[in-house]
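A.B. asks: This is the structure I want to talk about, given as structure tokens.
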Amino acid sequence: MATHLVWFKNDLRLADNPALHAACAEGTKVALLYILDERAGGASRWWLYYTLAALRRRIEARGGTLILRRGDPVNIIPALAEALGTRDVHTARSMEPYWRKADKALDVILKAQGASLRRHHSVSLFPPEAIRTKAGGAYGVFTPFAKACFEAGVPDLLLPAPARLQGVETPSEALDDWGLLPVKPDWAGGMRAEWTPGEAGAAARLRDFCANAINAYGHERDFPGRLGTSKLSPHIHFGEISPRAVWLHAAALPASSGVRIFLKELLWREFSLHLLWQHQDLRTRPIREEFGAFPWAEDEAALRAWQRGQTGIPIVDAGMRELWQTGWMHNRVRMIAASYLVKHLLIPWQQGEAWFWDCLCEADEAANGASWQWVAGCGADAAPYFRIFNPLLQGRKFDPDGAYVRRFVPELARLPDKYIHAPWEADAVTLARAGIHLGQTYPAPLVDLAAGRARALEAYAKVKAM
DNA sequence: TGAAATGTTGGGGCG
DNA sequence: ACGCCCCAACATTTC
1 MATHLVWFKN DLRLADNPAL HAACAEGTKV ALLYILDERA GGASRWWLYY
51 TLAALRRRIE ARGGTLILRR GDPVNIIPAL AEALGTRDVH TARSMEPYWR
101 KADKALDVIL KAQGASLRRH HSVSLFPPEA IRTKAGGAYG VFTPFAKACF
151 EAGVPDLLLP APARLQGVET PSEALDDWGL LPVKPDWAGG MRAEWTPGEA
201 GAAARLRDFC ANAINAYGHE RDFPGRLGTS KLSPHIHFGE ISPRAVWLHA
251 AALPASSGVR IFLKELLWRE FSLHLLWQHQ DLRTRPIREE FGAFPWAEDE
301 AALRAWQRGQ TGIPIVDAGM RELWQTGWMH NRVRMIAASY LVKHLLIPWQ
351 QGEAWFWDCL CEADEAANGA SWQWVAGCGA DAAPYFRIFN PLLQGRKFDP
401 DGAYVRRFVP ELARLPDKYI HAPWEADAVT LARAGIHLGQ TYPAPLVDLA
451 AGRARALEAY AKVKAM
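With the first letter of the first sequence counted as 1, position 264 gets the number 264 in this note's numbering; the numbers rise by one all the way through.
Following this line, the structure appears as structure tokens:
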């Protein structure tokens with residue numbers, strides 16, 4: 001009568017879950033444990049509540065139970081294993097340093113009590129050591145990394161969800177006691193309208209995307225006012241669907257440029273994990289060390305205006321408000337808004353990263369850290385310092401009819417298309433007709449775009465010279 | 001997964 | 001008919 005313990009991390013699913021699969025294959029009983037990840041930001045906590053509730057329902061439907069605990073895994077797991085008489089603790093192998101450290105400590109402690117921590121590969125497409133250069137090193141540039149991944153090939157293997165779970169009687173904390181949901185104010189309305197956390201929601205999103213949008217993905221994904229992206233990121237982050245399942249699903253479709261580009265986007269996530277494995281302080285420390293001396297500006301007021309979507313640049317403000325309201329932001333707009341913060345405002349990328357961490361449902365150490373470094377120009381394979389997005393041109397190019405801006409910045413909605421991305425260019429009559437009073441109903445630009453660009457080039461030239 | 005400045009070309013208006 | 005200029009369109013380079 002062996003009981004196996006499964007410790008869920010960001011692999012909150014029953015299907016294609018190697019840790020769970022191994023436990024069910026070898027044990028007669030399985031204890032299923034989730035320990036609250038206290039690092040989660042506000043939006044992630046909201047998501048976590050619903051994905052845990054969904055996971056628990058699926059587990060209970062199969063006769064099992066989900067044990068919820070708070071505290072340090074290094075204390076909780078050995079104690080629980082001992083209480084249950086468990087010798088096998090299964091978990092996902094994570095690239096995040098927080099869990100790597102916990103795993104390392106647990107390995108020692110569990111061994112000492114005659115048990116073992118068995119880590120299963122499941123959060124990325126490839127194990128962290130699998131993709132190497134010919135010289136045996138890690139990749140620092142995306143394109144050859146992606147090429148190596150395509151050549152390695154994703155194994156055509158999906159593990160079924162266990163049909164039946166024989167649980168154990170163990171006390172669990174109550175999910176509702178964790179305070180994961182906002183109460184006053186309840187800011188989650190826009191999120192409830194947009195998302196269905198959990199395995200079923202993830203599968204539906206993937207099905208829908210593959211059926212309707214993936215072939216046109218190559219170009220449609222750039223237009224934030226259209227439904228051109230998969231919106232799978234939070235589902236993938238929490239492991240409600242395995243990256244392998246997403247890959248195999250897409251790769252099995254008739255070949256098209258859209259499919260190929262979507263697979264490459266999955267590899268950007270993979271590349272971020274690859275970077276996190278090499279650079280454990282990816283979220284805070286620039287990979288390119290000369291950026292430690294970058295002349296950033298300290299500007300609380302500008303940071304706050306950016307966070308609230310009050311910079312006076314419509315496409316930036318629309319993106320920041322989409323983030324605030326829905327816990328997600330379209331990728332094209334992420335690049336624009338992030339570039340604006342780091343280059344036009346010269347605010348440290350870490351401050352943008354921290355805001356995204358709190359606001360994104362999918363806040364992911366690897367993807368968020370790597371992407372902010374990419375924008376700031378201090379990361380691996382980063383955007384060169386002179387690549388400064390002009391948010392006005394970007395807005396006009398990728399939101400030509402202003403649909404996106406009008407949705408998230410309603411006070412500009414009545415402006416004609418010509419001015420929707422540049423209200424400061426509109427004459428007084430046009431503004432009055434649209435019900436806009438610049439500086440009152442909508443802010444004037446925080447910084448002049450040309451001046452901000454010039455200032456950024458000057459600042460970046462200092463780093464370049466080092 | 002840029003933008004702006006600068007350079008080049010070629011069509012058409014015009015004397 | 002021809003050269004000249006203008007400038008849009010495209011290409012290259014610079015930031």
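Ideal Cβ placement from N, Cα and C applies to all residues, glycine included.
Would DSSP call V123 helix, strand or coil?
C.D. replies: Along the first sequence, read from residue 1 onward, the residue named residue 123 stands at position 123. The answer is coil: DSSP assigns V123 none of H, G, I, E or B.
A.B. asks: DSSP puts F8 in a beta bridge; with which residues?
C.D. replies: As a working mapping, residue 8 is identified with position 8 in the first sequence. Paired residues: Y34.
A.B. asks: What three-state label does DSSP hand V141 in the structure shown?
C.D. replies: As a first step, residue 141 must be located in the first sequence, where it is residue number 141. V141 falls in the coil class under three-state DSSP.
A.B. asks: If you draw a straight line from the C-alpha of A15 to the C-alpha of S122, how long is it?
C.D. replies: Here residue 15 refers to the residue found at position 15 of the first sequence. Here residue 122 refers to the residue found at position 122 of the first sequence. For A15 and S122, the distance between alpha carbons rounds to 11 Å.
A.B. asks: Would you check if the distance between the CB atom of C361 and the CB atom of S94 is smaller than 8 Å?
C.D. replies: The residue you call residue 361 lines up with position 361 of the first sequence. The residue you call residue 94 lines up with position 94 of the first sequence. In this structure, S94 does not lie closer than 8 Å to C361 by Cβ.
A.B. asks: So within the segment 83–133, which uninterrupted alpha helix (DSSP H) runs reach at least 4 residues, ignoring any that extend past its ends?
C.D. replies: Here the runs fully enclosed are 97–112.
A.B. asks: Have a look at the DSSP bridge pairing and note the partners of I67.
C.D. replies: As a working note, residue 67 is residue 67 in the first sequence. Per DSSP, L33.
A.B. asks: Nearest-angstrom Cα distance between Q310 and A297?
C.D. replies: Sequence index remark: in the first sequence, residue 310 carries index 310 (1-based). Sequence index remark: in the first sequence, residue 297 carries index 297 (1-based). Rounded to the nearest angstrom, the two C-alpha atoms are 18 Å apart.
A.B. asks: Any contact of the segment 313–325 with the segment 391–407, i.e. 3+ C-beta pairs under 8 Å?
C.D. replies: Yes, since at least three Cβ pairs between the segment 313–325 and the segment 391–407 fall closer than 8 Å, the two stretches touch.
A.B. asks: Verify whether the separation of the beta carbon atoms of R234 and W306 is less than 8 Å.
C.D. replies: Taking the first residue of the first sequence as position 1, residue 234 is located at position 234. Taking the first residue of the first sequence as position 1, residue 306 is located at position 306. Checking the displayed sequence, the identity of residue 234 turns out to be Pro instead of Arg. Going by C-beta atoms, P234 is not nearer than 8 Å to W306.
A.B. asks: Given that a residue counts as buried once 16 or more other Cβ atoms are within 10 Å of its Cβ, and exposed if not, what is L346?
C.D. replies: The count along the first sequence starts at 1 and reaches residue 346 at position 346. Result: buried.
A.B. asks: Can you tell me whether T3 is helix, strand or coil according to DSSP?
C.D. replies: Your numbering for residue 3 matches position 3 in the first sequence. Note: T3 maps to strand in three-state DSSP.
A.B. asks: What residue range does the alpha helix (DSSP H) around T311 cover?
C.D. replies: In the first sequence, residue 311 corresponds to position 311, counting from 1. Careful: T311 lies outside any alpha helix (DSSP H) and carries neither H nor E.
A.B. asks: Report the rounded CA-to-CA distance for G218 versus T28, giving the unit in angstroms.
C.D. replies: Sequence index remark: in the first sequence, residue 218 carries index 218 (1-based). Sequence index remark: in the first sequence, residue 28 carries index 28 (1-based). Taking the straight line from one Cα to the other gives about 47 Å.
A.B. asks: With 16 as the cutoff for other CB atoms within 10 Å, does A444 come out buried or exposed?
C.D. replies: Counted from its first residue, the first sequence places residue 444 at position 444. A444 is exposed by the Cβ-count criterion.
A.B. asks: Tell me whether the segment 51–68 and the segment 2–22 touch, counting them as touching only if at least three CB pairs, one residue from each stretch, are closer than 8 Å.
C.D. replies: With the cut-off at 8 Å, the segment 51–68 and the segment 2–22 touch.
A.B. asks: Which first and last residues belong to the alpha helix (DSSP H) in which F209 is found?
C.D. replies: Locating residue 209 in the first sequence gives position 209, counting from the first residue. Per DSSP, F209 belongs to the alpha helix (DSSP H) from E199 to N212.
A.B. asks: For H90 versus L36, is the C-beta distance shorter than 8 Å?
C.D. replies: Here the question's residue 90 lines up with position 90 in the first sequence. Here the question's residue 36 lines up with position 36 in the first sequence. Taking 8 Å as the Cβ cut-off, H90 and L36 do not qualify as a contacting pair.
A.B. asks: How far does the alpha helix (DSSP H) with K462 in it reach, from first residue to last?
C.D. replies: In the first sequence, the residue the question calls residue 462 occupies position 462. Unbroken alpha helix (DSSP H) run through K462: L449 to K464.
A.B. asks: Excluding the five sequence neighbours on either side, which residues of its own chain have a C-beta within less than 8 Å of the C-beta of P295, listed in chain order?
C.D. replies: In the first sequence, the residue the question calls residue 295 occupies position 295. L346, A459 and K462.
A.B. asks: So, with DSSP's three-state summary, where would you put Y442?
C.D. replies: Your numbering for residue 442 matches position 442 in the first sequence. In the structure shown, Y442 sits in a strand (DSSP, three-state: E or B).
A.B. asks: Pick from L32, W424, I241 and L263: whose alpha carbon is nearest that of A251?
C.D. replies: The residue given as residue 251 occupies position 251 in the first sequence. A251 has its Cα closest to that of L263, out of L32, W424, I241 and L263.
A.B. asks: Would the segment 235–249 count as touching the segment 333–349 if we require 3 or more Cβ pairs under 8 Å?
C.D. replies: The answer is no - the segment 333–349 does not touch the segment 235–249, with fewer than three Cβ pairs under 8 Å.
A.B. asks: For I185, count neighbouring Cβ atoms within 10 angstroms of its own Cβ and tell me buried if that reaches 16, exposed if not.
C.D. replies: As a working mapping, residue 185 is identified with position 185 in the first sequence. The displayed chain sequence assigns Pro, not Ile, to residue 185. Flag for P185 reads exposed.
A.B. asks: Express the C-alpha separation of R396 and L276 in angstroms, rounding to a whole number.
C.D. replies: As a working note, residue 276 is residue 276 in the first sequence. As a working note, residue 396 is residue 396 in the first sequence. Rounded to the nearest angstrom, the two C-alpha atoms are 35 Å apart.
A.B. asks: Would you tell me roughly how many angstroms separate the C-alpha atoms of A383 and S116, rounded to the nearest one?
C.D. replies: The residue given as residue 383 occupies position 383 in the first sequence. The residue given as residue 116 occupies position 116 in the first sequence. Between A383 and S116, the C-alpha separation is close to 44 Å.
A.B. asks: For the alpha helix (DSSP H) that K264 lies in, which residues bound it at each end?
C.D. replies: For the purposes of this step, residue 264 is identified with residue 264 of the first sequence, where counting begins at 1. Per DSSP, K264 belongs to the alpha helix (DSSP H) from S257 to Q278.
A.B. asks: Could you compute how far the alpha carbon of R308 sits from the alpha carbon of R433?
C.D. replies: On the first sequence, position 308 is the one that residue 308 refers to. On the first sequence, position 433 is the one that residue 433 refers to. So the two alpha carbons sit approximately 26 Å from each other.
A.B. asks: Going by C-alpha to C-alpha distance, which of E411, T133, L446 and R455 sits closest to G435?
C.D. replies: Working through the first sequence from its first residue, we reach residue 435 at position 435. Checking every option, the nearest Cα to that of G435 belongs to E411.
A.B. asks: Return the residue from the list G225, A83 and Q166 that minimises the CA-CA distance to R407.
C.D. replies: Locating residue 407 in the first sequence gives position 407, counting from the first residue. Closest option to R407, Cα to Cα, is G225.
A.B. asks: Measure from the alpha carbon of P348 to the alpha carbon of each residue in R321, F291 and T170, then state which is nearest.
C.D. replies: By 1-based counting over the first sequence, the position of residue 348 is 348. Nearest C-alpha to P348: F291.
A.B. asks: Which full runs of the alpha helix (DSSP H) of 4+ residues lie inside the segment 400–424, going along the chain?
C.D. replies: If we require 4 residues or more, the alpha helix (DSSP H) runs fully inside the segment 400–424 come out as 403–408 and 417–420.
A.B. asks: Where do the ends of the alpha helix (DSSP H) carrying N368 lie?
C.D. replies: For the purposes of this step, residue 368 is taken as the residue at position 368 of the first sequence. Note, N368: alpha helix (DSSP H), E365 to A376.
A.B. asks: Rounded to the nearest angstrom, what separates G402 and G189 at their Cα positions?
C.D. replies: Locating residue 402 in the first sequence gives position 402, where the first residue counts as 1. Locating residue 189 in the first sequence gives position 189, where the first residue counts as 1. G402 and G189: Cα-Cα distance of roughly 24 Å.
A.B. asks: Please go through the same chain and pick out, in chain order, the residues whose beta-carbon is closer than 8 Å to the beta-carbon of Q351, but skip the five residues on each side of it.
C.D. replies: Taking the first residue of the first sequence as position 1, residue 351 is located at position 351. L303 and L341.
A.B. asks: Could you tell me how far apart the beta carbons of L32 and L66 are, in whole angstroms, since I believe they sit closer than 8 Å?
C.D. replies: Here residue 32 corresponds to residue number 32 of the first sequence, with the count starting at 1. Here residue 66 corresponds to residue number 66 of the first sequence, with the count starting at 1. Indeed they touch by this definition, with Cβ atoms about 5 Å apart.
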